[in-house]
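Numbering of the sequence shown is given in my numbering, commencing with residue 3 and proceeding in unit increments.
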Amino acid sequence: MGAIDRIAEPWGSRTPYAPGTTWPQRIDCYLADGITPEAVDRWVQSAAVLHSNGDGLDIAVKDGRIAGVRGRGNDRVNHGRLDPKDLFGWQANASADRLTTPLVRIKGKLQPADWDTAMDRIVARSRELLASHGPSAIGFYTTGQLFLEEYYTQTVIARGAIGTNHLDGNTRLCTATAAAALKESFACDGQPGSYTDVDHADVIALFGHNVAETQTVLWARMLDRLAGDQPPAIVCVDPRLTPVARQATVHLAPLPGTNVALMNGILHEIIAHDWVDHDYIDTHTIGFEELRKRVDEYPPERAAEICGVDADDIRRAAQVIGTAERLLSTVLQGFYQSHQATAASVQVNNIHLIRGMLGKPGCGVLQMNGQPTAENTRECGADGDLPGFRNWANDDHVTDLARVWNVEPHQIPHYGPPTHAMQMFRFAEEGTLQMLWVTGTNPAVSLPELARIRDILSQERLFLVVQDIFMTETAELADVVLPAAAWAEKTGAFTNADRTVHLSEKAVEPPGSARSDLDIFLDYARRMDFRDKDGQPLPAWTDPESAFEAWKKCSEGRPCDYTGLSYEKLRGSSGIQWPCNAEHPDGTERLYTDGKFWAHPDYCETFTRDLVTGAPMEPDEYRAMNPYGKAIIKAAQYLPPHEVPSSDYPFALVTGRTLYHFHTRTKTARAPQLQDAAPEVWVEVSERDADRLGIAEGDAVEVSTPRGSVTCAARICGIRDGVLFLPFHYGYWDTDGDRGHHRAGNELTLTDWDPASKQPIFKTAAAQLRRRRRFRRGNGVVDRAPTTTASAPVNGHVPSTAGGPAATAAELTATGGQS
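Rendered as structure tokens:
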């Protein structure tokens, strides 16, 4: 047993391994002061909830309270390792400022109320709007952190009982492009690859994916490969000098908004050198000739000029990727939240299709998620899709869903695509959407152009319901606030980014009168007296396990088939990947192993879209284009971003995450180790830009765009010239209620979204930077951002980020010694 400061060493100790061998176990454990493993009353099975990796863990319970966590050594995802947010974030559950009772707005102020009063208000407003304006007056904006059973219940209520088309999740902000890219290439969602591909790959290419900070355990797996025999080559595409970039064989740092040009340049070289699998292309794909013609327009010199990178680096990256024998590619927000998001992400799929690198160990694509249960929103239809990856434009699919729910097909809205989140807020702004139910998310901090979002949420004509565990910036604007149970206070299943399903068991009771999200939704359905066509309650289930069984019936025969799973099978398991059914009773490690795809016109989830306009293809057009259901190679032309740097706003601004926080810090700000590691917002600027502007490390600076400004400390780091980075986690005030200057990154971002995925664009704003005052200790400006991450300083004079004894966690290897 060893111990290590997991703030100072986020990825823990190394356990090197060679390709084709099993990743060694390393069990991480952190317990509250004074509690030993022997003193724990019981350990309760769960999985990580503060990122999308899906790390299996056990919750320690002592005297009816959470006392810590440990990794599950047999889990297929993490082999016992835990992320710093996993190790320390559970402390938020016991925070003194948890919501414990419903609140209703009376004479302009939120006042405590009982559940009957709060729910009666919601029901009364729902019935009034349904009678006067119909289902389209009501919308639901959910999260990526509920459990599968809760999403499915919410979907049945919204689409089946109420009949509204307005249901989407904040997954629209983080993983909508992942789904869209998969649907454009394979006509259906579903992650082709598996985390185990890391164990076999000889090249790992990360496109806009700072895995070291967003999924630290997956990066630990990659680091252990790099530390072992025959390490993989790493290709990194990121404008920042991230920990991934520091380990890269080739690091490409393109100007934000130019990803399509870069990908076309790489594809140009792969095709020009004939690093392609012609048999695979001819047998399993359509569209290659269109791609060949398009990328012929992007030789490395042209792509380099557009992207602001060296043409030789493009050639080198293409050679590494094009000559790989086992290529694993991952994609995340650097592509998803940028200009031409879907078009760029599809080009990553194209690399694997033209190289025939799918469905084999080490050969896969991981279009990643940003949240722990983002995959479930997509499966269950809570994010702008129909449940079970059914096709809203296929009447047979809608009829089948109506059969499952025992409602008439016309009750399920399918007159057009389900409404995406950005459009829902526009409808609220215009007044046609008059009731919005927000669950487990904080749009007053996370959505773009916050001044506009605040105005929308503050309208008197909008009846706002917020269901959460803390009084967030959004909850403060609500008409009714519902206190929800948090992770570890309820039971349910959730699925991670590589289709691994885990069961999270209830470990402790929620505080006060807080209820699980499932219980709240079911209570609403009963009070509204929703019924199916036979007069039975809709939804019919009453608890998590019966909801899971109902979901299994909905998923049967669809790509995300859960029929072989059960709570009993998931208990004690190492995580099981869907599809899991009679044909695949132990789950499915990789998809498309036989070169057959879920793209047949009668089965596919979508008839695909135009990558430039987002217009859906008509069913007959799709049938004519792809009658045999092959994978689709889609070419894309580079188009300039809508907002580009200018003389007034000379920088490209990108926003994003840091290792120690999650989303708007509703949980991580309440874990002392995480909050102390990154207590305040900062902006990253290159050394050359800082020298030109007379900015020194720690100076107070103002970052401005046409929409607003943020005041923060400057961190001079390895980001490329001409680009600024601002973490988006920090809202209007901290946990002590200090409402000082604006510090939310989304004060600056623009209202714009990708035409295909409808994902907002957070990474192409034009900005200016100016110094406000010099740094000096005690002047109220934070003098450091984390030194362990992409914000590592270049001058070396900043105190190193560390957590000390309070952040020391145990590590146990299979041999019982320190890693």
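Beta carbons are placed, not taken as given, at the ideal position from N, Cα and C, and that holds for glycine.
Whether or not the stretch 675 to 695 and the stretch 756 to 763 are in contact is what I'm after, with contact meaning three or more pairs of Cβ atoms, one per stretch, closer than 8 Å; do they touch? no
If I measure Cβ to Cβ from Gly782 and keep anything under 6 Å in the same chain, skipping five residues before and after, which residues do I get? With a pLDDT of 44 at Gly782, under the threshold of 50, the modelled position of this residue cannot be trusted, and the question is left open.
Does DSSP put Arg463 in a helix, in a strand, or in coil? coil
What's the C-alpha gap between Ile6 and Ala808? 11 Å
Suppose the cutoff is 7 Å on Cβ atoms and the five residues either side in sequence are ignored; what does the same chain contact list for Leu403 look like? Leu388, Pro389, Arg392 and Ile414
Residue(s) in a DSSP beta bridge with Arg776: In DSSP, Arg776 forms no bridge with anything.
One or two residues paired with Trp684 in a DSSP bridge: Ala715
Run the CB neighbour count on Ser649, radius 10 Å, all protein chains shown included, and call it buried at 16 or more, exposed below. exposed
Name the two residues that bound the continuous alpha helix (DSSP H) containing Leu131. For Leu131, the enclosing alpha helix (DSSP H) begins and ends at Trp117 to Ser134.
For Tyr640, is the classification buried or exposed, using 16 other Cβ atoms within 10 angstroms of its Cβ as the cut-off for buried? buried
Is Val350 near Val205, with beta carbons less than 8 Å apart? no
C-alpha distance - Ile356 paired with Pro603, whole-angstrom precision: 22 Å
How would you label Asn797, buried or exposed, when you count the other beta carbons within 10 angstroms and need 16 or more for buried? exposed
Out of Gln232, Cys176, Trp489 and Asp118, point me to the one whose CA is closest to Arg659's CA. Cys176
Uninterrupted alpha helix (DSSP H) stretches inside the stretch 49 to 120 (no shorter than 4 residues): Segments of the alpha helix (DSSP H) lying fully in the stretch 49 to 120: 86 to 91.
Take the Cβ of Pro512 as the centre, count every other Cβ of all protein chains shown within 10 Å, and call the residue buried at 16 or more, exposed below. buried
Here's a check: name, in chain order, each residue in its chain whose Cβ is nearer than 6 Å to the Cβ of Arg772, leaving out the five neighbours to either side. Hits under 6 Å: Glu704.
Would you report the Cα separation of Thr790 and Ala698, rounded to the nearest angstrom? 20 Å
If you draw a straight line from the C-alpha of Tyr651 to the C-alpha of Val252, how long is it? 30 Å
For Ser568, which three-state DSSP category applies? coil
Name, in chain order, the residues that DSSP records as bridge partners for Pro618. Arg611
Could you say which of Ala163, Thr497, Phe472 and Pro762 lies nearest to Gln538 if we only look at CA atoms? Ala163
Might you give, ordered along the chain, the residues of its own chain that have their beta carbon closer than 6 Å to the beta carbon of Gly616, omitting 5 neighbours on each side? Cβ neighbours of Gly616 beyond the five flanking positions: Pro757 and Ala758.
Rounding to the nearest angstrom, what Cα-Cα distance links Pro245 and Asn212 in this structure? 8 Å
Tell me the DSSP secondary structure of Cys365 in three-state form. strand
Is there contact between the stretch 470 to 487 and the stretch 97 to 114, where contact requires at least three CB pairs shorter than 8 Å? yes
Could you tell me the distance, in whole angstroms, from the CA atom of Leu695 to the CA atom of Pro762? 31 Å
Mind checking Gly780: buried by the 16 CB within 10 Å criterion, or exposed? Confidence at Gly780 is low in this model, with a pLDDT of 49, below 50, so the placement of that residue should be treated as unreliable; the coordinate-derived value is given next. That one is exposed.
Go through its chain and collect everything with a Cβ distance to Met473's Cβ below 8 Å, but skip five positions before and after it. Excluding positions up to five away in sequence, the list reads Asp99, Leu101 and Val483.
Proximity winner among Val367, Val200 and Lys362, relative to Ile353 (alpha-carbon distances): Val367
Quick check: what's the CA-CA separation for Arg296 versus Val440? 43 Å
Taking contact to mean at least 3 C-beta pairs separated by less than 8 Å, is the stretch 519 to 527 in contact with the stretch 539 to 553? Yes, they touch.
Alpha carbon to alpha carbon, what distance is there between Ile272 and Glu151? 44 Å
Measure the C-alpha to C-alpha separation of Val311 and Asp723 and round it to an integer number of angstroms. 11 Å
Given a threshold of 16 other Cβ atoms within 10 Å of its Cβ, counted over all protein chains shown, does Ala584 qualify as buried or as exposed? Sixteen is the threshold: since fewer than 16 other Cβ atoms of the shown chains lie within 10 Å of the Cβ of Ala584, the residue is exposed.
Residue from Gly146, Ala812, Leu661 and Thr668 with nearest C-alpha to Ala787: Leu661
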